[in-house]
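In my numbering, the protein residues as written are 2 to 306.
Glycine residues also receive a C-beta, built at the ideal position from the N, C-alpha and C atoms.
Only one structure is covered here, and it is reproduced in the block below.
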């Protein structure tokens with residue numbers, strides 16, 4: 002269990018993203034892209050979810066478990082686990098955007114859906130910080146949370162479910178019914194990780210000596226953010242950083258000015274410590290149940306119970 006997790010983390014931090022031909026997200030994305038048809042119904046949305054997710058899930062997370070040669074199994078499982086999260090790429094994009102110049106505009110545009118072509122520096126910084134912590138949930142902590150619960154198949158399922166949400170889960174007339182199932186599955190899988198991330202962010206803020214200018218739970222109560230999961234990291238980040246985070250035309254969270262370079266740097270420290278706390282917590286739970294379990298099958302807590 003733990004060797005696979007630590008090796009996957011090392012691969013991410015040292016090498017970043019693997020080639021696209023071994024990235025399961027790419028295959029699920031390509032399959033769903035060919036199947037998406039505007040104005041289809043709820044049933045069709047369920048059908049394309051299973052067609053796009055299950056074959057990739059089997060190939061990248063189920064079959065490697067049964068490879069008889071232990072070293073090859075260990076390496077493949079660590080590599081495939083790494084494809085479920087992305088720490089280095091996310092951190093590098095936000096870190097390189099701190100100067101809030103034209104390069105920053107292009108970098109942040111890679112990780113947000115909103116159009117930043119005419120955005121000012123404050124809104125570019127806001128987009129970077131919002132995406133940093135929202136992606137901390139669904140792009141890092143959530144797949145590793147499901148690795149704890151269901152092993153590699155759980156982590157892969159979360160990653161592919163999140164991919165389907167990004168492909169078809171738009172609330173437009175064309176895709177509302179078709180994307181309903183994808184959106185709901187993604188919401189369910191990120192429900193606990195989002196709240197756990199929020200709690201760890203508050204603890205990390207305390208450890209960093211950040212004095213909260215506002216109560217994040219007050220922001221949560223009054224937020225305009227539609228996503229019941231994204232509101233947790235975004236509202237808490239706003240309160241800890243003491244700034245306003247805004248997606249024009251959709252929501253404004255927090256009080257004060259829009260963020261700048263200083264707040265981006267502070268957010269990166271908060272990101273690192275929050276993630277570190279989660280990795281420590283996850284490792285303690287695993288070690289308490291299994292020890293190092295170097296050659297065990299990573300079925301997660303389901304195996305334990």
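{"query": "Between residue 109 and residue 129, is the Cβ-Cβ spacing less than 8 Å?", "result": "yes"}
{"query": "Would the beta-carbon of residue 239 fall within 8 Å of that of residue 250?", "result": "no"}
{"query": "Under a Cβ-count criterion, where at least 16 other Cβ atoms within 10 Å of its own Cβ denotes burial, should residue 69 be classed as buried or exposed?", "result": "exposed"}
{"query": "For residue 191, collect the residues of the same chain with a Cβ closer than 7 Å to its Cβ; drop the 5 residues on either side in sequence, then sort them by chain order.", "result": "138, 139, 143 and 230"}
{"query": "Between residue 97 and residue 13, which are expected to be in contact by the criterion C-beta below 8 Å, what is the C-beta distance as a whole number of angstroms?", "result": "Actually they are not in contact, since the Cβ atoms of residue 97 and residue 13 sit about 17 Å apart, beyond 8 Å."}
{"query": "Looking only at C-alpha atoms, which of 271, 34, 120 and 148 sits nearest to residue 212?", "result": "271"}
{"query": "Could you check whether residue 58 and residue 194 sit closer than 8 Å to each other, using their CB atoms as the reference points?", "result": "no"}
{"query": "Under a Cβ-count criterion, where at least 16 other Cβ atoms within 10 Å of its own Cβ denotes burial, should residue 125 be classed as buried or exposed?", "result": "buried"}
{"query": "Can you round the beta-carbon distance between residue 175 and residue 45 to whole angstroms, since I take them to be within the 8 Å contact cut?", "result": "The Cβ separation is near 13 Å, so there is no contact."}
{"query": "Taking the alpha carbon of residue 188 as the point to measure from, which residue in 232, 217, 222 and 216 has its own alpha carbon closest?", "result": "232"}
{"query": "So, at 7 Å on beta carbons, what are the nonlocal neighbours of residue 127 in its own chain, with the 5 sequence-adjacent residues on each side left out?", "result": "246, 247, 259 and 260"}
{"query": "Look up residue 248 in the DSSP assignment and give the residues it is bridged to.", "result": "252"}
{"query": "On the criterion of 16 or more Cβ atoms from any shown chain inside 10 Å, does residue 281 qualify as buried, or is it exposed?", "result": "exposed"}
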